[in-house]
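A.B. asks: Counting in the numbering used here, the sequence shown runs from 10 upward without gaps. Quick one: the structure is below, and I'll ask about it shortly.
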Amino acid sequence: MHPDYTPHVPVQRAVEVHQPTPYPPALAAPTPVAPMQPGAVPAVASIVLPDGRVVTGYAIEPARPEPVTTKPAVSRMAVNVALGGVGFLAVCGGLILLTSFIAALTAFITQLIILAAVIFGGWIAVQIFSTSGHQGGTTVNIRKAVIKRNHFHG
């Protein structure tokens with residue numbers, strides 16, 4: 010410690026006590042009191058102090074906190090998200106069925122087109138390779154031909 014250090018000692022002062030001065034009762038006529046509901050009249054309480062004096066007054070009820078509203082176990086947002094998910098899954102199931110139907114319809118139409126191409130191609134082939142008409146050129150009628158020793162005599 011420092012050699013010039015002196016501990017701080019609080020200074021004690023004399024305690025002053027103030028006694029309240031009571032007011033004399035008013036000599037005027039009493040004021041009319043508005044009627045109150047029976048439950049609204051606060052209770053009167055008397056307290057005896059240690060020195061024998063009695064203090065009388067209205068008891069003040071402590072302020073009660075507002076009742077806490079109970080929150081549901083699951084929030085509304087969570088319920089809405091869950092319902093949206095269920096709806097989305099239902100729509101996805103319908104979309105899967107719809108895409109399956111579209112794929113089957115596409116395969117059926119493709120098969121019809123291939124069948125039409127095969128039939129039409131066959132018809133074209135028959136038209137090209139058929140001998141039912143004179144296409145021009147030279148026609149040779151062979152009636153009595155004699156073939157001797159690999160030589161044609163006509």
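Backbone N, C-alpha and C fix where the C-beta goes; we use that ideal spot for every residue, glycine too. None of the values given here were measured: they were computed from a predicted structure.
#1: Is the beta carbon of Ala82 closer than 8 Å to that of Gly66?
#2: Which of the three DSSP states, helix, strand or coil, is assigned to Val135?
#3: For Ile56, I'd like the list of residues in its chain whose CB is within less than 6 Å of its CB, leaving aside the five on either flank, ordered along the chain.
#4: How long is the line joining the alpha carbons of Thr78 and Val88, rounded to whole angstroms?
C.D. replies: With the given structure in hand:
#1: It is not a contact, given that the beta carbons lie outside the stated cut-off.
#2: Reduced to three states, the DSSP call for Val135 is helix.
#3: These residues qualify, in order along the chain: Val64.
#4: Looking at the two C-alpha atoms, the distance is approximately 19 Å.
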